[in-house]
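As structure tokens, the structure follows; a few thoughts come after it.
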Amino acid sequence: MSKQVTLTIDGMQVTVPEGTGVPEAAKMAGIDIPVFCHHPKLEPVGMCRMCLVEIGRPVRDRATGQFVMENGAPKIQFLPKLETACTNKVEDGMVVLTQTAKAKEGQKGTVEFLLTSHPLDCPVCDKGGECPLQNLTMAHGPGKSRFLYDEKLHLGKHVPLGDLIFLDQERCIQCARCIRFQDEIVGDSVIGFDDRARGTKIVTFSDPGFDSIFSGNTTDICPVGALTTADFRFEARPWELMSQASICTQCPVGCNITLNTRREARAGGDIVVKRIMPRQNEEVNEIWICDKGRFAHHYTDSKKRLTKPLVRKSVATSSRSSLQRASWDAATKLAAENFEKAKKDFVVLASGRLSNEDLFNLKTLTEHSDGTAYFYSRMGGGELTSLVGVGADTNFAHMGANTTIVVVASDLYQEAPIWYLRVKQAADRGATLIVLNPRETKLDRHASYVVRYAYGDEVKTVQDLGKKTRIGDAFLKAENAVILFGSDGLGISGSESLASACAKLLQETEHVGKPNNGLIGVWERANDQGAWEIGFNVEEDLAKALKGKTVYIVGADPVSDDPKLAKALEEATFVAVQDVMETATTEIADVVLPALAFTEREGTLTSGERRVQRFYPAVPVTGDAKPDFTITSQIARHMGIVLEGTSISALFDILADSVKSFEGLSYLQLAEVRPQWPIVGRGDLYYGGTTYENKQGMGVHLSAAAIRGEKVNIPKVHASREAAPRPNAKEGLAVPITKLDDRGTTVMMSANLLRDWIGGPTISLHPDAAKSLGVEAGQLVTVSFNGTSGDAVVQLDDTISVGVALIPRSMGLAIREPVSAKVRPQR
Amino acid sequence: MEHILLRHREIPDINNLSVYEKNGGLAAFRNAVTTMTPAQVTDVVKNSGLRGRGGAGFPTGMKWSFIDNKSWPHYVVANADESEPGTFKDREIMEGNPFQFLEGLAIASYAVGANAAYIYLRGEFWELGAFLDEKITEMEKEGFLGDKLFGGEYSLRIYTHLGAGAYICGEETALLESLEGKRGQPRVRPPFPPSVGLYGKPTVINNVETFTNVPPILAKGADWYKSMGTADSAGVKIFSLSGRVRKPGNYELPFGTTFRELIYTYGAGVQDSRSVKAIMAAGASSSLILVDDEKILDTKMDYATVRTLGADLGSASVIVIDDTVSMDWLINKTVHFFKHESCGKCTPCREGTYWMSNISARIHHGKGTTADVELLLNVAKQMQGKCLCALGEFATMAVVTGIERFPLDFKKAVSKV
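Going down the list, the sequences are from chains H and C. Residue 1 is where the first sequence starts when you use the working numbering, and the numbers rise one by one after that. Residue 1 is where the second sequence starts when you use the working numbering, and the numbers rise one by one after that.
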């Protein structure tokens, strides 16, 4: 434990760890020192001068170093000037006075100064109601300004910094929180100040503007209404909003979020989600979320939502059949009959979009009906994360000088943004970061070691970490080690082998079975880890596995993802599709079962860090849609199988009894919260920002086999098996990569704001490769592989090797694993 | 008396290295490096009573002794930003007697164990920057700068760096930020540069004139230096005299010379033989010295004595104001300057200078009221003691002393309504 320091603040004795800032010490004692520029997550700068207080320090005898005593107490000396609390660290015997006439006068003066240039347009300002400037003006400011209203400076009111963030230059108080957030926390220094004096204004340096996927967070920590999001500005007043805890479903990080909802005239008076805000969980996402998580929610109130069960019926006047409305009973009965009839040919295909409970019911259904359950994922290796994955008390916030973090075959910035942030910050605190990737990624900037390998060499590269080299030493000598593995350029078998190599290395170096040690999969979807824990498996040749079968597809759209799968499903005997929205797969279904979105129901998700977290219903249900686990239980009932279909907490308890890593957990326990720092929430808006306080659960880690002390057998890895195909001279090696903004893995086509970001299919080539093909950046080409072909726009990337082409997954080209591909320019 | 700093006025071509050497130049540096320890050099400077010439008058030797020897490397930076209105002494030194300045900088670097020294020049000094680069190259050629000097282990390189035209970059921490390639905005102090300075390393920053004093101190000894000036302020100072005087210019004089001597003996008196109404002893940052009594002019110019007039000597840029000038005009000028030069980092300065500028313009243009004068004074006082760096405080000096010491001028200004 660090040294404790005792000081007095407004007559109250406070004991806090050495190195604590004065505003923090005061807050711990329940005393509010007003701040604007200071933020507990940022380095203090002392710019805004709001936290002016009187600070006295005990006088020390120069010879002895002892306190000089006066009337039985240490003699305290005050500086003639007020000091900023934020730039002072606590000292033993320090006396801080926040309420004296002098201090109050100073604070009042700062508010008056700030308001001289402020437009006071609170009635039309989005921040009104949750605005630190508004609140602190009420608490500390003068009631009246002596500044002539006509002399106010008029500046830009709607200055776009990028597509997502607008700046109101009049409201800005130049506290630089946004700039410092981007510089210190994200490491994307894309905004800054221009000009000086009263002309000081925020500008963006990047093209496109504000080019950072964390930009939305600046609106949360902006202490005024200067930064607003293009999504929420002029949409609602904060006091009209209801809030409900939820979990972001866009990636495996599992950020804690709050859904702000309101009755909306444009939605016919329905209650809809108006915005997504971060919810504090210092163990997961701190107080941040990425822009995808913040802005990609609109699909839940999309017009393409499925509202009624549909059953395929032949149309009397034509030879074609069509999907027509049916009752729940009829639809589920039809599905049940077909499933039962299929016996061994019954196949469930489920994705990580579903909750643990949904997946558990599906798994139980297949087990009781002789069917097979497949996990819809393009990445393997999950059985290993449930063996040697990270467990209880793992927290990126605790990783520092004693920890080595390895990131392999993953572009964290694109695939799991908040993990990028947390790994970067661990590296800032002194953790050794080793990035192994075939191409340049943003994380390289923060790494101690960067290794570039050729696609296909990932297993060998990981195995080399166990050797006595400079980088090997950095790994072998670490007290704690965590490996995050992804699927950059890998298919199912490739990622499986990579996972084995990582697991083996961790096991051999004894980095398993304890906190802050183990394996983390950078999966595609929010609950992929949950599917692995519950016992789902992936199938390499899914097309073959589906052909001629009776298929129950839940939360997946294989028809748009892959023409091969589409073809296989055409040849399926019977297809039941259960989903939230109309998709290409629902169109070919024999039965369509409408499911509720995560905003409309409750359940639990398992993050990539193996943390089980609860989400709660925030808006009323859409149409006749039902939660996935209920639908499955209804089908099961027709098949004579009893599954819990009404109470999610009961179902979770059954799951906890049946699945080993969930053992001992209860639904209630997931809603527990622990004290967190910094304090955020309503009364402390000015301090931590508008991030919501966590009142509805921080989640619980699953146990891993290694933690339970079970014997762990890691399958042997054959490095040779993983070599990427060797294309002939006329072809190149095309590899799949994951992009944050895609078209299918996560649901975001309805997020208008992000549509331009998503764009269409692309192919990244080395400039030399493009030259020899005679193509240029931006040109349309035809890419053919595996007997299929499609169009893509050429992008150039000089960090990859000449023979390699990168194709993002879920962007229209159905690439599952590394393949030989031909690229032809279009005329 | 022969010049100690402005030696080019007597010795032609002293800005030529061989001429400088012939006149005893660089012997002090050679002697220091070859025969003295760094601590001994610092002690001599400490004993000489030399105080910083940039304005604050902090004892130079003491500043050098504060350098943190637990953190390395160390840097020395010459503040050649010379941006205070009314100050033009450093430019003359660097143009006329560059080697003495460079030698002082080299000695300081040796004293604090720095192997790299930077000269931060205001952007407008670009010609001077090129000129100094030539002089530095000459010194390198002749073995006065570079690796393993004088056959010993000590190495030193000097670099020049041009600012981009901001007054604030004369503030030492803003200067460091700018030198590091960032926005020129002051840092929070403490920590002070001798502990955490350039690139986070211990750094000594002194004014050009301060460094220029060092070679003669080492050559002739601390006692010789102390024999000039006053007990409070040892040695000589270059006074930049401007305003309504007949012969403005730089005058190198011992501390303790009176305002009267400077203005009347050296400056040949006030233009049109009018009477002195006020003096700004520290450029635009001055508190206005009210000259309502002839005896005030007999005040000795040293740091302590000027303070008895409720003002500061600062960088000794003496601006003489005669009775044709009304103070509402004067403070409108200074406030406008500070409004333009505020870096915008801290609230009171950014907003206060803008606000003050509005009010002072109103008053000066005959649109103000008595309440405006009170408000102006009040806003200035609301800024005092609240700003991040000294610029904000300086912006209020002329305003507060102008209104308090020259109330009639303001009464007249607002009665035009």
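Ideal Cβ placement from N, Cα and C applies to all residues, glycine included.
Would the segment 167-176 of chain C count as touching the segment 149-156 of chain C if we require 3 or more Cβ pairs under 8 Å?
no
Between residue 119 (chain H) and chain C, is there a C-beta pair that is closer than 9 Å?
Interface annotation, residue 119 (chain H): not in contact with chain C, CB-CB separation never under 9 Å.
Which of the three DSSP states is assigned to residue 116 (chain H) in this structure?
Three-state DSSP puts residue 116 (chain H) in a helix.
Would residue 11 (chain H) be called buried (16 or more neighbouring beta carbons within 10 Å of its own) or exposed?
exposed
Under 8 Å, CB to CB, which of the residues in the segment 163-195 of chain H have a partner in chain C?
173, 174, 192, 193, 195
Examine chain C for any beta-carbon lying closer than 9 Å to the beta-carbon of residue 286 (chain H), and answer yes or no.
No, no contact with chain C.
Using the rule of at least 16 other Cβ atoms within 10 Å of the residue's Cβ for burial, across every protein chain shown, is residue 644 (chain H) buried or exposed?
buried
For residue 692 (chain H), count neighbouring Cβ atoms within 10 angstroms of its own Cβ and tell me buried if that reaches 16, exposed if not.
buried
Nearest to residue 284 (chain H) by CA position, among H:435, H:419, H:673, is which residue?
Ranking H:435, H:419, H:673 by Cα distance to residue 284 (chain H) puts H:419 first.
In angstroms, rounded to a whole number, what distance separates the CA positions of residue 603 (chain H) and residue 648 (chain H)?
7 Å
Which ranges would you report for the beta strand (DSSP E) in the segment 272-299 of chain C if only whole runs of at least 3 residues count?
276-280, 288-290
Just to confirm my understanding: we take residue 364 (chain C), look at its own chain, exclude 5 residues before and 5 after, and list those with CB closer than 7 Å. What are they?
328, 329, 332, 413
Please tell me whether residue 93 (chain H) and residue 80 (chain H) are closer than 9 Å, where the distance is taken between their beta carbons.
Against a cut-off of 9 Å, the Cβ pair of residue 80 (chain H) and residue 93 (chain H) comes out as no contact.
List the endpoints of the continuous alpha helix (DSSP H) containing residue 134 (chain H).
132-140
Any beta-carbon of chain C closer than 9 Å to the one on residue 143 (chain H)?
no
Classify residue 632 (chain H) as buried or exposed, calling it buried when 16 or more other Cβ atoms lie within 10 Å of its own Cβ.
buried
Could you say which of H:773, H:822, H:448, H:684 lies nearest to residue 32 (chain H) if we only look at CA atoms?
H:684
If contact means a Cβ-Cβ distance below 8 Å, which residues of the segment 173-197 of chain C contact chain H?
Taking 8 Å as the Cβ-Cβ cut-off against chain H, the residues of the segment 173-197 of chain C that qualify are 183, 188.
Identify, in the order they occur along the chain, each residue of the same chain with its Cβ nearer than 8 Å to the Cβ of residue 292 (chain H), setting aside the five sequence neighbours on each side.
213, 250, 251, 417, 740, 741, 746, 748, 754
Drop a sphere of 10 angstroms on the beta-carbon of residue 223 (chain C), count the other beta-carbons inside from all chains shown, and report buried for 16 or more, exposed for fewer.
exposed
Do residue 182 (chain H) and residue 200 (chain H) have their beta-carbon atoms positioned less than 9 Å apart in this structure?
no
Could you confirm whether any beta carbon from chain H is found closer than 9 Å to the beta carbon of residue 373 (chain C)?
Chain H, which has no Cβ nearer than 9 Å to the Cβ of residue 373 (chain C), makes this no.
For a minimum of 3 consecutive residues, which ranges assigned as the beta strand (DSSP E) are wholly contained in the segment 417-474 of chain H?
432-436, 449-451
Could you check whether the segment 472-482 of chain H touches the segment 355-368 of chain H, counting it as contact only if at least three pairs of C-beta atoms, one from each stretch, sit closer than 8 Å?
Taking 8 Å as the limit for Cβ pairs, the verdict is that the segment 355-368 of chain H does not touch the segment 472-482 of chain H.
Could you work out which residue in H:559, H:108, H:240, H:133 is closest to residue 120 (chain H) when comparing CA atoms only?
H:133
Where in the segment 232-303 of chain H do unbroken runs of the beta strand (DSSP E), each at least 3 residues long, occur, reported from the N-terminal end onward?
242-247, 256-264, 270-278
Taking Cβ positions only, does residue 45 (chain H) come closer than 9 Å to chain C?
yes
Looking at the secondary structure, which residues open and close the beta strand (DSSP E) in which residue 12 (chain H) lies?
12-17
Rounded to whole angstroms, how far is the Cβ of residue 227 (chain H) from the Cβ of residue 165 (chain H), which I believe are closer than 8 Å?
Residue 227 (chain H) to residue 165 (chain H), Cβ: 6 Å. Contact.
Interface residues of chain H around residue 385 (chain C) at Cβ under 7 Å?
For a Cβ distance threshold of 7 Å, residue set 81, 82 of chain H lies close to residue 385 (chain C), ordered along the chain.
Could you run through the segment 341-352 of chain C and flag, in chain order, every residue whose CB is less than 9 Å away from some CB of chain H?
341, 342, 343, 344, 345, 346, 347, 348, 349, 350, 351, 352
Mind checking if residue 722 (chain H) is an interface residue toward chain C, Cβ cutoff 9 Å exclusive?
The pLDDT assigned to residue 722 (chain H) is 46, lower than 50, so where the model puts this residue is not dependable, and the model offers no usable value.
What residue from H:340, H:129, H:306 has the CA that sits closest to residue 325 (chain H)'s CA?
H:306
DSSP three-state label for residue 152 (chain H), please.
If DSSP states are grouped into helix, strand and coil, residue 152 (chain H) belongs with coil.
So, does the CB of residue 379 (chain C) fall closer than 9 Å to a CB anywhere in chain H?
yes
Could you spell out where the alpha helix (DSSP H) holding residue 132 (chain C) opens and where it closes?
126-141
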